[in-house]
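Position 492, counted from 1, in the sequence shown is what the UniProt record's numbering calls 497; the numbers after and before it change by one each time, with no gaps. By construction, the Cβ of each residue, glycine as well, lies at the ideal position given by its N, Cα and C atoms. Read through the structure below, which is laid out as structure tokens, and then see the notes.
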Amino acid sequence: TERYNPRVEEPRWQKAWEDGKSFEVKHDDSRKPYYVLEMFPYPSGRIHMGHVRNYTMGDVLARYMRAMGRNVLHPMGWDAFGLPAENAAMQNKVHPKAWTYANIAAMRKQLKSIGLGIDWSREFATCDVEYYSKQQKLFLDFLREGLVTRKKSKVNWDPVDMTVLANEQVVDGRGWRSGAIVEQRELNQWAFKVSDFAEELLEALDTLDHWPEKVRVMQRNWIGKSEGLRLLFELTEQWQKFTSIEVFTTRPDTIFGASFIAISADHPLAQSLADNPEVAAFIAETRRHGTATETIDKAEKLGIFTGLHVKHPVKPGATLPVYIANFVLMDYGTGAIFGCPAHDQRDLDFARRYDLPVLPVVLPDGADAATFEVDSEAYNGPGRIYHSEFLDGLEIDAAKKAIAAHFAERTVDNLPQGKVEVNYRLRDWGVSRQRYWGCPIPVIHCENCGAVPVPDKDLPVVLPEDVSFDRPGNPLDHHPSWKHVACPKCAGPATRETDTMDTFVDSSWYFARFTAPHADTPTIPGIANTWLPVDQYIGGVEHAILHLLYSRFFTRAMKQTGHLNLSEPFKGLFTQGMVVHETYQLGTGPNGEWVSPADIRIEQVDGERRASMRQTGEAVAIGSIEKMSKSKKNVVDPDEIVSTYGADTARWFMLSDSPPERDVQWTEAGIEGASRFLQRVWKLVGDFLDLEDDIASRLKGDSDAGVLELRKVVHRAVANVGGEIEGLRFNRAVAQIYELSNAIAKFSQSVASSVSRAQRDAFREAVERLVQLVAPMMPHLAETCWAALGKTGLVVDAPWPVADQSLLVDSTVVLPVQVNGKRRGEITVPVGAAKELVEKEVLSLEAVARMLEGKPPKKLVIVPDRIVNVVI
Ligand code: ANZ
Ligand code: ZN
């Protein structure tokens, strides 16, 4: 048979699927819906290998579920608003809209070339007026419901991008995109009241049992619930209107160890002292630094004494000095704390610097009260309270309760001295951005009426196209006419809000829009509720916090406003690993120049890999393996791979080489291997077809040699591959298919000269199943094979095969092999295999041999027919 030619076959089948509308999904009550979604791409201009991996995984699952009889929704769209379009406009004088849609066209073509089974009729971009106008409607509905507020708040200001950044977008005090040092500014901001849902967002995490645990932990920490006490400290003398300071503490049990009070630079009491130039300077200096937790944790703990004291609440006659400190935030708790240096690291650093007492009050279990000391490391572990009078001997939790009860009964200024309070780190989500390329916030500011929502009937508020980017700042603000409108309430002169929404808003509900992408309303609830939640959402772990949390908020807010009827948008979540590649450098050290894999040649010299420039032969250093990135030039262009090897080969390689949650290393050898496998499948089908062509001369006898053995392998693969795909263990599905192809190849040889009817039938069954099993991964090849085998219709429409249970009685088992408790591979051995055989197989596994480095293992634990653990 001729070699399989992906260049001819792939476009042909892509056209067949398109013409046959294979992936267009209609509402259909007879089939259970299944919604697969990969995080939609930002239209940067070109797809990269990370996209190929992400979308291939989703596609395999979608195609498999379709074959399983589910009504599968697998859509694609574009997260199309955002700064890069404006930067391109400034640099290349191209309009953001033109730039964005040109990129979308290019990337759509690329995605189609990898053969994704997408319902393209549902495609949209978030910058389509049709989409963002519905988002404006949602904003107005949220506003009516009290889910949006406008408040003056301190924001992180990026002076280069001239826009507000969320705390998470400030990395080490710098803007995540511009790298500029972030400033603090007070601005009027529109904010979604995410914090109203803090408890619910936290509790519901427990119901998301198809989410990775690590993502749930990250969300839990982000929400940051803490239960504590609000506690009043009476000033020894009244200062202006202030008679007391209220602090928030989660460790009231340490009150006997208190040695100072610290308030935020933005605390009203600090403000009241700003007449003092030293205090004013300290406040100004503190404000220059960001409020991101990271920044604060790293910064030195600095403060200034206010001259004020408070009465110690449990030590009659004693007082505590009051400081203004840079590590106390105004927007958490009460903006004031009591410091207990022995049991809090920040307080300890502060106390050492300002020479304040360090009084341990929690004694670690087993420590000696007479000698226990805190030096440079605060002790925040468990133990019993001591040096604390009536709390002595209590465990921390019991002491917290006792001290809370104590303060509940006392008063300061006629108020209870202590009040139990729950706090969340989760903030409201400020969404105002001073940019052009975003969804306009549908509000009009009137001098008489204040902020007036744009009436629903006046939607959409369309972005003007005639804008210029010749000066910094927001082009909407500079536009000569766009913002000048009549007030909807009093008809007087008014101006539009010129801020646009954070692009995270756009991605917080797109999954719902896909269920009715062209509806006049944001969703059609009846339809949305049949599809949602998304059964399987797939994307990068970099979105583990913000995007997912905001989407969870949006779903609840949309429920409250009648657009949806559920709370959790994503039932299953999977975060895939990255695509990594070796790096190459011409010259060494900081002056080394990164070179692209496409420009080098690798040879084996004395058993060592040596790299050199293809053109000049110059030696190139092979560097570390890293995430593909333009800066290190270690990228491989999907287009090139598709035109050289075909999409199926790229898809197969992406799935075969490592577990999907881990990084996969792109190698030339790997892609070559995938390509060989593709040809191998084609050859096995060809072998069978040759035999059929020549059947008259070859059909002899009634032997059933090898038939049962082959059928057992076939049916085992049929039984296993689907489950592996459903569990997103693609590499294991691939391993099963390899095994099947080996068995078929062996069988094919055995019947080369003479074949019985039974053997012929088994051979046909084997190749047909092989084709069906590879179809989700290598869909084009599968169609060509399916047609060659004389099957009617497309394989994409064929139901998933069902295994014959009677053939599954197993004679071999697959044993997972762990090294020090971590899975490193597996071996296949006969059921009940002898220890010796298992040992031999395990030690010859490449991964194990590599880790042993020639030494014998410390111990080899074999649980017969179950698992092997190698201890080294
Ligand atoms: C006294 C104390 C003693 C504290 C001790 C800790 C250890 P979480 O758990 O994150 O809520 N704190 C309170 N408000 C603050 C603010 N606005 N800025 C900075 N720090 C603040 O942290 C609560 C603890 O963080 C509180 O408990 C308080 O210090 C500090 F051995 O009070 B603690
Ligand atoms: Zn008005």
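Given residue i as reference, the closest of the options once Cα atoms are compared
{"i": "residue 421", "options": "410, 565, 428, 427", "result": "410"}
{"i": "residue 532", "options": "31, 80, 302, 726", "result": "31"}
{"i": "residue 447", "options": "360, 230, 144", "result": "144"}
{"i": "residue 472", "options": "52, 290, 103, 57", "result": "103"}
{"i": "residue 425", "options": "64, 372, 251", "result": "251"}
{"i": "residue 71", "options": "830, 840, 416, 806", "result": "806"}
{"i": "residue 359", "options": "267, 441, 443, 277", "result": "267"}
{"i": "residue 45", "options": "39, 55, 135", "result": "55"}
{"i": "residue 742", "options": "774, 760, 755, 764", "result": "774"}
{"i": "residue 310", "options": "317, 697, 284", "result": "284"}
{"i": "residue 574", "options": "581, 556, 725", "result": "556"}
{"i": "residue 11", "options": "817, 856, 788", "result": "788"}
{"i": "residue 406", "options": "423, 392, 416, 417", "result": "423"}
{"i": "residue 87", "options": "455, 748, 442", "result": "442"}
{"i": "residue 355", "options": "719, 372, 333", "result": "333"}
{"i": "residue 882", "options": "124, 811, 636", "result": "There is simply no residue 882 to check, as the chain begins at 6 and stops at 877 in what is shown."}
{"i": "residue 592", "options": "488, 619, 623", "result": "623"}
{"i": "residue 894", "options": "609, 830, 346, 666", "result": "Residue 894 falls outside the range modelled here, since the chain spans only 6 to 877, and no answer is possible."}
{"i": "residue 513", "options": "525, 559, 457", "result": "559"}
{"i": "residue 730", "options": "664, 700, 759, 686", "result": "664"}
{"i": "residue 408", "options": "538, 275, 483, 260", "result": "260"}
{"i": "residue 756", "options": "697, 625, 505", "result": "697"}
{"i": "residue 484", "options": "493, 501, 495", "result": "501"}
{"i": "residue 97", "options": "570, 679, 474, 860", "result": "474"}
{"i": "residue 700", "options": "676, 769, 826, 649", "result": "769"}
{"i": "residue 249", "options": "826, 418, 781, 60", "result": "418"}
{"i": "residue 705", "options": "876, 171, 812, 763", "result": "763"}
{"i": "residue 869", "options": "843, 860, 113", "result": "843"}
Distance CB(residue i)-CB(residue j) smaller than 8 Å
{"i": "residue 578", "j": "residue 216", "result": "yes"}
{"i": "residue 366", "j": "residue 342", "result": "no"}
{"i": "residue 194", "j": "residue 162", "result": "no"}
{"i": "residue 520", "j": "residue 528", "result": "yes"}
{"i": "residue 181", "j": "residue 785", "result": "no"}
{"i": "residue 254", "j": "residue 229", "result": "no"}
{"i": "residue 481", "j": "residue 509", "result": "no"}
{"i": "residue 166", "j": "residue 131", "result": "no"}
{"i": "residue 168", "j": "residue 440", "result": "yes"}
{"i": "residue 227", "j": "residue 554", "result": "yes"}
{"i": "residue 122", "j": "residue 64", "result": "yes"}
{"i": "residue 761", "j": "residue 707", "result": "yes"}
{"i": "residue 539", "j": "residue 58", "result": "no"}
{"i": "residue 258", "j": "residue 396", "result": "yes"}
{"i": "residue 322", "j": "residue 269", "result": "no"}
{"i": "residue 747", "j": "residue 660", "result": "no"}
{"i": "residue 141", "j": "residue 522", "result": "no"}
{"i": "residue 185", "j": "residue 179", "result": "yes"}
{"i": "residue 800", "j": "residue 830", "result": "no"}
{"i": "residue 727", "j": "residue 69", "result": "yes"}
Whole-angstrom C-beta distance between residue j and residue i, which should lie under 8 Å
{"i": "residue 690", "j": "residue 793", "result": "6 Å"}
{"i": "residue 116", "j": "residue 62", "result": "Not really, about 14 Å apart at Cβ, beyond 8 Å."}
{"i": "residue 507", "j": "residue 436", "result": "4 Å"}
{"i": "residue 263", "j": "residue 348", "result": "About 10 Å separates the two Cβ atoms, so there is no contact after all."}
{"i": "residue 847", "j": "residue 818", "result": "That pair is no contact at about 14 Å."}
{"i": "residue 607", "j": "residue 615", "result": "7 Å"}
{"i": "residue 671", "j": "residue 790", "result": "Actually they do not touch by this definition, with Cβ atoms about 27 Å apart."}
Run through the stretch 687 to 718 for me and flag every whole alpha helix (DSSP H) of 4 or more residues, listed as ranges in chain order. Whole alpha helix (DSSP H) segments, 4+ residues: 700 to 703.
Could you tell me which uninterrupted beta strand (DSSP E) segments, each at least 3 residues in length, are contained entirely in the stretch 788 to 821, listed from first to last along the chain? Qualifying beta strand (DSSP E) stretches: none in this window.
What is the chain-ordered set of residues for which the beta carbon lies under 7 Å from any non-hydrogen atom of the ligand ZN? Any residue whose Cβ sits closer than 7 Å to a heavy atom of the ligand ZN makes the list: 451, 453, 454, 457, 492, 494, 495, 497, 499.
Which residue spans inside the stretch 248 to 284 form an unbroken alpha helix (DSSP H) run of at least 4? DSSP runs (the alpha helix (DSSP H)) wholly in the stretch 248 to 284: 273 to 277.
Any alpha helix (DSSP H) of 4 or more consecutive residues that is wholly inside the stretch 201 to 256: Segments of the alpha helix (DSSP H) lying fully in the stretch 201 to 256: 203 to 208, 218 to 228.
Ranges of the alpha helix (DSSP H) found wholly within the stretch 298 to 369, counting only runs of at least 4: As summarised for the stretch 298 to 369, the continuous alpha helix (DSSP H) elements at least 4 residues long and confined to that stretch are 298 to 303, 350 to 359, given in chain order.
Any alpha helix (DSSP H) of 4 or more consecutive residues that is wholly inside the stretch 124 to 161: Qualifying alpha helix (DSSP H) stretches, in chain order: 134 to 149.
Beta strand (DSSP E) runs contained entirely in the stretch 825 to 871, provided each spans 3 or more residues: Runs found: 827 to 835, 864 to 868.
Residue ranges of each alpha helix (DSSP H) run of no fewer than 4 residues wholly in the stretch 570 to 594, ordered along the chain? Inside the stretch 570 to 594, DSSP marks no whole alpha helix (DSSP H) run of 4 or more residues.
Report the start-end ranges of each alpha helix (DSSP H) in the UniProt domain "Aminoacyl-tRNA synthetase class Ia" (431 to 588) that is 4 residues or longer and not cut off at the edges. Given a length threshold of 4 residues, each whole run of the alpha helix (DSSP H) inside the UniProt domain "Aminoacyl-tRNA synthetase class Ia" (431 to 588) is given here in chain order: 480 to 483, 508 to 511, 515 to 518, 530 to 536, 551 to 565.
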